[in-house]
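Below is one structure, written out as structure tokens, with a few remarks after it.
2 protein chains.
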Amino acid sequence: MKGSVLIGQSGGPTSVINASLAGIIEEALQNPLVTNVYGLLNGIDGLLEHRIIDLAVESKETLSLLKTTPSSILGSSRFKLDDYKINDKVYKKIVEIFTKLDIKFFFFIGGNDSMDTCNKISQYFKNIAFECNVIGVPKTIDNDLVYTDHAPGYGSSIKYIATTIAEIYQDIECYKKGKVTIVEIMGRDAGWLTAGSKLASLSNNGPDLIYLPEIPFDLEDFLHKVKIIYEKKGHALIALSEGIKDKNKNYILTYRQFNSCDNFGHLQLGGVGQVIAEAINKKLNLPIRSIELNIPQRCSSHIASLTDINEAYHCGKKALQYATLNFTGKMVSIKRVSTYPYKVKYELVDLSSVANKVKAVPMHFISSDGCNITNDFIEYALPLIQKEPKIVYTNGMPTFAKLKKQKINL
Amino acid sequence: MKGSVLIGQSGGPTSVINASLAGIIEEALQNPLVTNVYGLLNGIDGLLEHRIIDLAVESKETLSLLKTTPSSILGSSRFKLDDYKINDKVYKKIVEIFTKLDIKFFFFIGGNDSMDTCNKISQYFKNIAFECNVIGVPKTIDNDLVYTDHAPGYGSSIKYIATTIAEIYQDIECYKKGKVTIVEIMGRDAGWLTAGSKLASLSNNGPDLIYLPEIPFDLEDFLHKVKIIYEKKGHALIALSEGIKDKNKNYILTYRQFNSCDNFGHLQLGGVGQVIAEAINKKLNLPIRSIELNIPQRCSSHIASLTDINEAYHCGKKALQYATLNFTGKMVSIKRVSTYPYKVKYELVDLSSVANKVKAVPMHFISSDGCNITNDFIEYALPLIQKEPKIVYTNGMPTFAKLKKQKINL
């Protein structure tokens, strides 16, 4: 099968999602079965608005810069596709556009939700016998995709988190009587990112306590532990997942005492650090500081992991290779061959087995007291943050790729 | 005059305060007038507890690593010295210890408060004709020290801020309908750090609006501007100083509507971003996100400016040179010789003229509408963030210097 390539990005961005894009484009440009290489702006939303660009016109320099450019350069969307058995309007539109542009290879770079979209499109194509191979390319800082050792994007996020935790620890340590410092880390349902803070312990700058959503959070026990640490050290550093819950599965965020008089109707989850800070301040009367790492966790490409960038890039390349070998309805997955030395290979898994599932942090990565992380995790995660990319600086700041965005007329 | 060197650090840490320490030590080790090189742990607090260490035992490798190790490695303190005319108890203790250790050259690396301490000690020494030269070495991320073109520490902070703003902009731009994103930046009394966010505009990723404490903040006018920007672009990025005030000089932070029912007695200033976010959400009904850059602004040495590191280092070296040339009661200051090409020299200013003063951002750095920054500022600040240090990575994270902390018996 010969034809055009179309690539889209979806869901929350990462530091390396554009490295996967670069991998697909570079592989496509040298594959004789590929006639054109197109990019889809803002995912399915953009498709419905005919916002498709030519990616074959981009320079080698731009493609190279994509590897260190954060955020989804094609634009993202959170479009939820209906089941085609209920409503096939959007599907018909997709087929119409794909036919016009002779799209034979479709790639969607995204997380669990995006793999669901990818799966639905692939199923529909099969059902109507429409010839187009659909391959999902994994990305998510959350690392909660199933059937892959880890997800591209995760390594760079925890390199940022571990580095930042180590720097913060260095900072708070400089006063004899310092503060209790809370660092709130992303991850609503799974604690992978928060666990990453543990890597800072390799430079003796790790958090004193680490709490993930996987383990019920007990405020009284927590306060007791904080008191002991502070009395001994004069400071304490605590890494908290934004998604920690109590034993009744209530988010600790809902303990917010000022909930009644503020009205952050549309605010994101976040702020649990402040709730905990308030509790420490009120109940232990200790000086506190709460730091929310926020979106720099997913876009700090200046401290990205080169291992992660390379893997994201290869996931893209492999996706193109598999699609032209006539695979469809699959996601590229990373399989760890060995940890010492660290070696991976790229396989395929069924999109249907990945879509909408969440992989929690396994119990052997969490210490038995529920407030720290084990060496098993360190062994798992450490290879993912190794090596640094060469960042191109302009004016003292990292240079980002800018696409020509040459529109395709439909 | 021949004798021992004693070095202390004080006030809030920076990414490059240890580079100044390295500069003093390296220069001291090769100066024939210096008999010993001592470090003071936790500033004046540590002095009173006889916590003094030998710095001459540190390896070349450690001294080199100091240049990229954030936070005050000797430990800091916020000790406020009484006027010696009111209470000279601490001063007598200082003289007693300095006599025992034959301290003839005393260096204090710090900001305005620390220069006040330095000035008081120097005045006291003069008054009792105690032979010891006292030199202050500037550092502050706030850049509010007078009589110096800029302060070591500032360049690295705004390199971090500009890079992070550029990355955040890249991130928020990826959705067609995104959020209004507030980035809260340090600086209670002066807007130097917040102004630094403007540098991201050189990569077209700068904030849409920038507010400093120097200009009264008008909430209604602000909301009006945000609405227009959001309607046009589908997102907006706003950089806010934590210290913005209204025309009656009330901190905007005090507009916090839930002040009555929470009780953050000991909390730091911070959180104005949330107040503004709430206002946008309630009054404009727009989706918002508030990001507080917090202490990574002063400790993200992995993205430090090499220009800043080198200047901090040279301030240290020059301090030692001047002290051994018998200068005392002075602070090393950076004088800009030219901007194209960027060139500085190191001079001395009287400690008494620097102590406790605050340098505001001048009006020609702020746009006439009060919500943006001019090219004059860019011209001033851009040289300060140029070049990157070679970071030594261990386990995929930056390596920090660790001192032997070999205690001196008194």
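Protein chains in written order, with the numbering used here: chain A, 857 to 1266; chain B, 857 to 1266.
Beta carbons: idealized from backbone N, C-alpha and C, even for Gly.
For residue i, which of helix, strand or coil comes out of DSSP?
i: B:Asp972; result: helix
i: B:Asn989; result: strand
i: A:Phe1114; result: Its pLDDT being 41, under 50, A:Phe1114 is placed unreliably by the model, and the measurement read from it follows with that caveat. Correct three-state label for A:Phe1114: coil.
i: A:Ser1194; result: strand
i: A:Tyr1031; result: coil
i: B:Ser1223; result: coil
i: A:Lys1139; result: helix
i: A:Lys1201; result: strand
i: A:Thr1250; result: strand
i: B:Ser1013; result: helix
i: A:Gln1242; result: coil
i: A:Ile873; result: helix
i: B:Tyr1003; result: coil
i: B:Ser978; result: helix
i: B:Lys1261; result: coil
i: A:Lys1103; result: coil
i: A:Pro1152; result: helix
i: A:Lys995; result: coil
i: B:Lys1174; result: helix
i: A:Lys916; result: helix
Residue i: beta carbon under 6 Å from a heavy atom of the ligand ZN?
i: A:Tyr1010; result: The ligand content of the structure shown is nil, which means the ligand ZN is not present either.
Tell me the rounded alpha-carbon separation between residue i and residue j.
i: A:Ile991; j: A:Tyr1198; result: 26 Å
i: B:Ala1018; j: B:Pro1218; result: 20 Å
i: A:Leu1204; j: A:Val1188; result: 5 Å
i: A:Ile1071; j: A:Lys1101; result: 8 Å
i: B:Tyr946; j: B:Lys1105; result: Before going on, a small fix: residue 946 of chain B reads as Val here, not Tyr. If you take the alpha carbons of B:Val946 and B:Lys1105, they lie about 37 Å apart.
i: A:Ser1161; j: B:Pro869; result: 27 Å
i: A:Asn999; j: A:Glu1235; result: 16 Å
i: B:Arg1044; j: B:Tyr1107; result: 10 Å
i: B:Pro926; j: A:Leu930; result: 37 Å
i: B:Phe981; j: B:Glu1244; result: 41 Å
i: B:Asp958; j: B:Lys858; result: 9 Å
i: A:Ala1007; j: B:Thr1255; result: 26 Å
i: B:Leu1096; j: B:Lys1103; result: 16 Å
i: B:Gly1126; j: B:Glu1098; result: Note that B:Gly1126 scores 49 on pLDDT, short of 50, meaning its location in the model is unreliable and no value can be drawn from it.
i: B:Ser1209; j: B:Asn975; result: 9 Å
i: A:Gly864; j: B:Ile1144; result: 26 Å
i: A:Gly882; j: A:Lys1173; result: Note on residue identity: the sequence assigns Glu, not Gly, to residue 882 of chain A. So the alpha carbons of these two residues sit roughly 7 Å apart.
i: A:Ile965; j: A:Ile873; result: 7 Å
i: A:Gln1026; j: B:Ser1157; result: 11 Å
i: B:Val993; j: B:Gly1062; result: 33 Å
i: B:Lys1201; j: A:Leu1142; result: 45 Å
i: A:Ser1308; j: A:Gly867; result: No answer is possible for residue 1308 of chain A: the residues shown for chain A start at 857 and end at 1266.
i: B:Ile1094; j: B:Pro1152; result: 19 Å
i: A:Gly895; j: A:Gly879; result: 13 Å
i: B:Asp944; j: B:Ile977; result: 10 Å
i: A:Cys1227; j: A:Ser1053; result: 12 Å
Please list the terminal residues of the continuous alpha helix (DSSP H) segment that includes residue i.
i: B:Val946; result: 945-956
i: B:Leu1207; result: 1207-1210
i: B:Gly1129; result: 1128-1135
i: B:Asp1232; result: 1231-1237
Using 8 Å for Cβ pairs, my map puts residue i next to residue j. What's the rounded Cβ distance?
i: B:Leu1259; j: B:Thr918; result: 7 Å
i: A:Leu1176; j: A:Asn887; result: 6 Å
i: B:Asp901; j: A:Lys1089; result: With 8 Å as the limit, B:Asp901 and A:Lys1089 do not qualify as a contact, their Cβ atoms being about 17 Å apart.
i: B:Ile953; j: B:Leu1266; result: 7 Å
i: A:Ala912; j: A:Tyr1169; result: That pair is no contact at about 18 Å.
i: B:His1091; j: B:Lys1035; result: 6 Å
i: A:Lys1015; j: A:Cys988; result: Actually they are not in contact, since the Cβ atoms of A:Lys1015 and A:Cys988 sit about 36 Å apart, beyond 8 Å.
i: A:Gly1011; j: A:Asp1232; result: A:Gly1011 to A:Asp1232, Cβ: 17 Å. No contact.
Please report the residue range of the beta strand (DSSP E) in which residue i lies.
i: B:Ser860; result: 859-865
i: B:Ile1159; result: Element bounds for B:Ile1159: n/a, residue is neither H nor E.
i: B:Ile965; result: 959-966
i: A:Glu1148; result: 1144-1148
Problem set entry | Contained beta strand (DSSP E) runs [length at least 3] in the segment 1033-1096 of chain B, N- to C-terminal order | The segment 1033-1096 of chain B contains these whole beta strand (DSSP E) runs: 1036-1041, 1065-1067.
For this session: Jot down the residue ranges of each uninterrupted alpha helix (DSSP H) in the segment 918-945 of chain B, minimum 4 residues, whole runs only, in chain order.
Result: none
Problem set entry | Ordered list of beta strand (DSSP E) runs contained in the segment 881-912 of chain B, each at least 3 residues | Listed in chain order, the beta strand (DSSP E) elements of length 3 or more contained wholly in the segment 881-912 of chain B are 890-896, 908-910.
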